[in-house]
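Engineer: Residue numbers (the working numbering), protein chains in the order written: chain R, 75 to 471; chain U, 75 to 471.
2 protein chains.
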Amino acid sequence: MTYTEEKLAALRTFYKDQLLGDTLPFWFPGAIDEEYGGYLLMKDHDGTLLDDDKAVWIQGRAAWLLATLYNTVEPRQEWLDGAKSGIDFLLNHCFDTDGRMFFHVTRDGKPIRKRRYFFSETFAVIALAAYAKASGSKEMADKARELFGKCIEYATIPGMLTPKFTDVRPAKGIGVPMIMINTAQQLRETIGDPRCDEWISKWIVEIERDFVKDDIRCVMEQVAPDGSIIDHFDGRTLNPGHAIEGAWFVLHEARYRNSDPKLMALGCRMLDYMWERGWDKEYGGILYFRDVDGKPVQEYWQDMKFWWPHNEVIIATLLAYIMTGDEKYATWHQQVHDYAYTHFHDKIHGEWFGYLHRDGRASVSIKGNMFKGPFHLPRQEWYCWRLLAQSTTKKTE
Amino acid sequence: MTYTEEKLAALRTFYKDQLLGDTLPFWFPGAIDEEYGGYLLMKDHDGTLLDDDKAVWIQGRAAWLLATLYNTVEPRQEWLDGAKSGIDFLLNHCFDTDGRMFFHVTRDGKPIRKRRYFFSETFAVIALAAYAKASGSKEMADKARELFGKCIEYATIPGMLTPKFTDVRPAKGIGVPMIMINTAQQLRETIGDPRCDEWISKWIVEIERDFVKDDIRCVMEQVAPDGSIIDHFDGRTLNPGHAIEGAWFVLHEARYRNSDPKLMALGCRMLDYMWERGWDKEYGGILYFRDVDGKPVQEYWQDMKFWWPHNEVIIATLLAYIMTGDEKYATWHQQVHDYAYTHFHDKIHGEWFGYLHRDGRASVSIKGNMFKGPFHLPRQEWYCWRLLAQSTTKKTE
Chain R
75 MTYTEEKLAA LRTFYKDQLL GDTLPFWFPG AIDEEYGGYL LMKDHDGTLL DDDKAVWIQG
135 RAAWLLATLY NTVEPRQEWL DGAKSGIDFL LNHCFDTDGR MFFHVTRDGK PIRKRRYFFS
195 ETFAVIALAA YAKASGSKEM ADKARELFGK CIEYATIPGM LTPKFTDVRP AKGIGVPMIM
255 INTAQQLRET IGDPRCDEWI SKWIVEIERD FVKDDIRCVM EQVAPDGSII DHFDGRTLNP
315 GHAIEGAWFV LHEARYRNSD PKLMALGCRM LDYMWERGWD KEYGGILYFR DVDGKPVQEY
375 WQDMKFWWPH NEVIIATLLA YIMTGDEKYA TWHQQVHDYA YTHFHDKIHG EWFGYLHRDG
435 RASVSIKGNM FKGPFHLPRQ EWYCWRLLAQ STTKKTE
Chain U
75 MTYTEEKLAA LRTFYKDQLL GDTLPFWFPG AIDEEYGGYL LMKDHDGTLL DDDKAVWIQG
135 RAAWLLATLY NTVEPRQEWL DGAKSGIDFL LNHCFDTDGR MFFHVTRDGK PIRKRRYFFS
195 ETFAVIALAA YAKASGSKEM ADKARELFGK CIEYATIPGM LTPKFTDVRP AKGIGVPMIM
255 INTAQQLRET IGDPRCDEWI SKWIVEIERD FVKDDIRCVM EQVAPDGSII DHFDGRTLNP
315 GHAIEGAWFV LHEARYRNSD PKLMALGCRM LDYMWERGWD KEYGGILYFR DVDGKPVQEY
375 WQDMKFWWPH NEVIIATLLA YIMTGDEKYA TWHQQVHDYA YTHFHDKIHG EWFGYLHRDG
435 RASVSIKGNM FKGPFHLPRQ EWYCWRLLAQ STTKKTE
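Following this line, the structure appears as structure tokens:
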């Protein structure tokens, strides 16, 4: 199938309306914590607050979202003020004395838990960078660049962070190069940084060389340092939605580099391989985990459908379609879009449920927790809206 | 309903036959690793080995099982030899230089991961103690007692183990007093230890004082050090099957202490409260997590049915019925027994599947992984068989 100009225009309007009229109002301005700063996000389906703790990942992501809307949609003061609340909370409460960030803090910013990886830091980089652009603050831009530098060290210097495993069976995950590519892309698109292009290229080379397996049409989630497959439960476990998120980071880079054909081909291969492995032909939707050899996965909830892989696959399929015109990507986009807005979207209170059983029943009513908040869904709606606004010829708005 | 003598005799035969004719043959002797010692247990439904790594918890539990069968069923040489294989592997490969044990090792015993809690150690204590009794080895008995002493230190001296959380919101779990009660009970019943009675009493006092909430009819999984409920996701999360495992440890202690009425009442209250909260009235079976206030649980797989809570509830309900004669426990026992042997038991290859969706469909075909192996199911069948053999008047065997 193909998407007509009318269909693309309708999708553009749909994503815009969902973002501004359904997703954002679920969270803001109500979630802004007027007393302590930051955001109160652990909400039930109807907006009831279930827990007033703060997940540092999500504090950064929410600040990024508000600053990004200010930068790219329109300069609404409430978005700038909202972003500032999160930035202040991050800077005042979420850093440990060693420069690392916490993972989980109380409402008033006391630390509950620090983890042995640095995703809190990468989300703070994109929040600081977007807020620096929105506010024009050189101080914030400096902080973003300094923290990005630390993230590069954590990602590349062995032993910087406490390891979770011994060195008997060394392994590396695709998550680090992926998150660093996206962090660098965000930094480049907001305040700019001379390191970004070179590092993005290096991380894409690493993904292609070590994680993308053309012979078996697969993107691995974890490999040995030399890229070989580790034939144990963890090494065999695939995360198709995550790999497809990586695919669109690569496609986004291809688009930035004037439709670089090599990067386009790489992003499309990653998408193709993991759609084949992740799409549930029986019930629809993206299965969470798969085994590279089709063996049983160790994780017992492996066949659940999580919200965020669907956001990533909606972006990846639309981006691949817009960039290549290949009809299969329109077909896949329509399939995953229809599945997601039918099964995840809460038509009563807005936003999406996070977790479905394989057959599409919601497993919990929660809209926000340590891992879910205003990020993947609004990012998808924002990204697809902007992509279509830049790409469709029939510009009605 | 009530169980007739005939019904109890039939159950006794059923558990014995399942243990010796269905569960044990799935694992042994095939799982014994003739090359490196220990056991190869990460098996698919048909016995195919999916991963040759070794989970230290399960190595200890399997050695305990074989030595316990030798001690209590009959002195089969293959059980003694099989136990020795696991004991040798534990002693030669599973201890770090600091005296702590690993969690996950390779087939040949190289360490992959060490965790910040000491369950590997408690399972090694019961394995060493049972093997010491079986073999008559004083050296093994000394090792069991020495390691039990270390476990008491880990359980009671703050700061012995690296904490996972900061001290901003101190919490303690019911898991530590529970596992220590059971470890001490096993030690006492095999080689004896003068510390056991006093420590068991202390841990039961702690559970009753801090975790059992009569006003709201609940057993908490985690509380503040003073026993107060922590009103956040983790603090509100209940694990009914785990609490009911605790209930039968208390009932077992009551039985050991000549049907101590106070302990009997405590065990029955724990069982009553958590049956009410954990039994799935719609589909049957024990739900994995619940929220103390009926709010949504953060864990997305919260409504799955795991095999081991069913083993614990089968033991607890039968023990409560045998000890009290209260008909409701026979009703509950029949319900959970029927649910479990209908839904978990693999009628083709024997043993049980580990993980069902709420509606009873198996989520993965795996029989063994980092957490599942020859322990909860054979322990249940062994315990119930022996309990009925000691309790029923019509002794046909």
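C-beta: ideal position from N, C-alpha, C; glycine also. Small disclaimer: the values here were computed from a predicted structure and weren't measured.
How should Asp288/U be labelled, buried or exposed, when 16 other C-beta atoms within 10 angstroms of its C-beta is the threshold for buried?
Structural biologist: Classification for Asp288/U: exposed.
Engineer: When you compare only the Cα positions, how much space is there between Gly134/U and Asp377/U?
Structural biologist: The straight-line gap from Cα to Cα measures roughly 29 Å.
Engineer: Between the alpha carbons of Pro383/R and Ile318/R, how many angstroms are there, rounded?
Structural biologist: The straight-line gap from Cα to Cα measures roughly 8 Å.
Engineer: Between which residues of its own chain and Phe197/U is the CB-CB distance below 6 Å, once the five residues before and five after are set aside?
Structural biologist: Trp131, Gly134 and Arg135.
Engineer: Gln409/U to Ala394/U, Cα distance in whole Å?
Structural biologist: Those two C-alpha atoms are separated by around 14 Å.
Engineer: Near Ile281/U, what residues of its chain come up, given a Cβ to Cβ distance below 6 Å and the 5 sequence neighbours on each side ignored?
Structural biologist: Only Pro251 meet the Cβ criterion.
Engineer: Comparing the C-beta of Leu451/U with each C-beta of chain R, is any distance below 8 Å?
Structural biologist: No, because no Cβ of chain R sits closer than 8 Å to the Cβ of Leu451/U.
Engineer: Are the CB atoms of Ser439/R and Pro335/U within a distance shorter than 8 Å?
Structural biologist: No.
Engineer: So which residues of chain R does Thr180/U contact, with C-beta pairs closer than 8 Å?
Structural biologist: By Cβ distance, chain R contributes Val242 and Arg243.
Engineer: List the endpoints of the continuous alpha helix (DSSP H) containing Asp346/U.
Structural biologist: Note, Asp346/U: alpha helix (DSSP H), Pro335 to Gly352.
Engineer: Taking contact to mean at least 3 C-beta pairs separated by less than 8 Å, is the segment 261-273 of chain U in contact with the segment 234-249 of chain U?
Structural biologist: Output reads no: the segment 234-249 of chain U does not touch the segment 261-273 of chain U.
Engineer: Using only the alpha-carbon positions, how far apart do Thr467/U and Gln372/R sit?
Structural biologist: Note that Thr467/U scores 49 on pLDDT, short of 50, meaning its location in the model is unreliable and no value can be drawn from it.
Engineer: Going along chain R, which residues have a C-beta under 8 Å from Asn443/U?
Structural biologist: Going along chain R in sequence order, the residues near Asn443/U (Cβ under 8 Å) are Phe307 and Gln372.
Engineer: Can you tell me which of Asp305/U, Thr257/U, Gly233/U and Gly111/U puts its alpha carbon nearest to the alpha carbon of Val221/U?
Structural biologist: As written in the sequence, residue 221/U is Leu, which differs from the Val given in the question. Out of Asp305/U, Thr257/U, Gly233/U and Gly111/U, Thr257/U has the C-alpha closest to the C-alpha of Leu221/U.
Engineer: Which residues, taken in chain order from the segment 421-436 of chain R, show a beta carbon closer than 8 Å to some beta carbon of chain U?
Structural biologist: The segment 421-436 of chain R vs chain U, Cβ under 8 Å: Gly428, Tyr429, His431 and Arg432.
Engineer: Among the residues of its own chain, which have a CB less than 8 Å from the CB of Arg283/U, if the five just before and after it don't count?
Structural biologist: Cβ within range, chain order: Gly301.
Engineer: Since I believe Thr264/U is in contact with Ala206/U (beta carbons under 8 Å), could you give me their beta-carbon distance rounded to a whole number of angstroms?
Structural biologist: Right, the Cβ-Cβ distance comes to about 7 Å (below 8 Å), so this counts as a contact.
Engineer: Over the uninterrupted alpha helix (DSSP H) stretch that includes Leu235/U, give me the two end residues.
Structural biologist: That residue, Leu235/U, is in no alpha helix (DSSP H); it is neither H nor E in DSSP.
Engineer: With 16 as the cutoff for other CB atoms within 10 Å, does Ile422/R come out buried or exposed?
Structural biologist: Answer is exposed; the Cβ neighbour count stays below 16.
Engineer: Would you say Val297/R reaches chain U, if we count a Cβ-Cβ gap shorter than 8 Å as a contact?
Structural biologist: Not closer than 8 Å to any Cβ of chain U, the Cβ of Val297/R fails to qualify, so no.
Engineer: Applying the 10 Å Cβ sphere with the 16-neighbour rule, what's the burial state of Val242/R?
Structural biologist: Val242/R should be labelled exposed.
Engineer: In terms of DSSP beta bridges, what is Gln296/U paired with?
Structural biologist: Answer is Gly247/U.
Engineer: Exposed or buried, Ala339/R, counting other C-beta atoms within 10 Å across all chains shown (16 or more means buried)?
Structural biologist: Looking at its Cβ environment, which holds fewer than 16 other Cβ atoms inside 10 Å, Ala339/R is exposed.
Engineer: Please report the straight-line C-alpha distance between Asp433/U and Leu165/R, rounded to a whole angstrom.
Structural biologist: Their Cα atoms are separated by approximately 46 Å.
Engineer: Helix, strand or coil for Ala390/U? Go by DSSP, reduced to three states.
Structural biologist: Ala390/U falls in the helix class under three-state DSSP.
Engineer: Who are the Cβ neighbours of Pro103/U in its own chain at under 7 Å, not counting the five residues just before and after it?
Structural biologist: Contacts found: Glu152 and Gly156.
Engineer: Thinking C-alpha only, which one of Ile303/R, Ala404/R, Asp91/R and Leu312/R is nearest Thr391/R?
Structural biologist: It is Ala404/R.
Engineer: Can you check whether the C-beta of Ser211/U is within less than 8 Å of a C-beta belonging to chain R?
Structural biologist: No, because no Cβ of chain R sits closer than 8 Å to the Cβ of Ser211/U.
Engineer: Compute the Euclidean distance between the alpha carbons of Tyr357/R and Tyr357/U, then round it to the nearest angstrom.
Structural biologist: Each residue's alpha carbon lies about 21 Å from the other.
Engineer: Given a threshold of 16 other Cβ atoms within 10 Å of its Cβ, counted over all protein chains shown, does Asn332/R qualify as buried or as exposed?
Structural biologist: So Asn332/R ends up on the exposed side.
Engineer: Indicate whether at least one CB of chain R lies closer than 8 Å to the CB of Arg291/U.
Structural biologist: Taking Cβ atoms only, chain R never reaches closer than 8 Å to Arg291/U, which makes this a no.
Engineer: Whole alpha helix (DSSP H) runs in the segment 120-171 of chain R with 4 or more residues, listed along the chain?
Structural biologist: Entirely contained in the segment 120-171 of chain R, the alpha helix (DSSP H) runs reaching 4 residues are, in chain order, 130-146 and 151-167.
Engineer: Could you list which residues in chain U have their beta carbon closer than 7 Å to that of Asp127/R, in chain order?
Structural biologist: Near Asp127/R (Cβ distances below 7 Å), the residues of chain U are His306.
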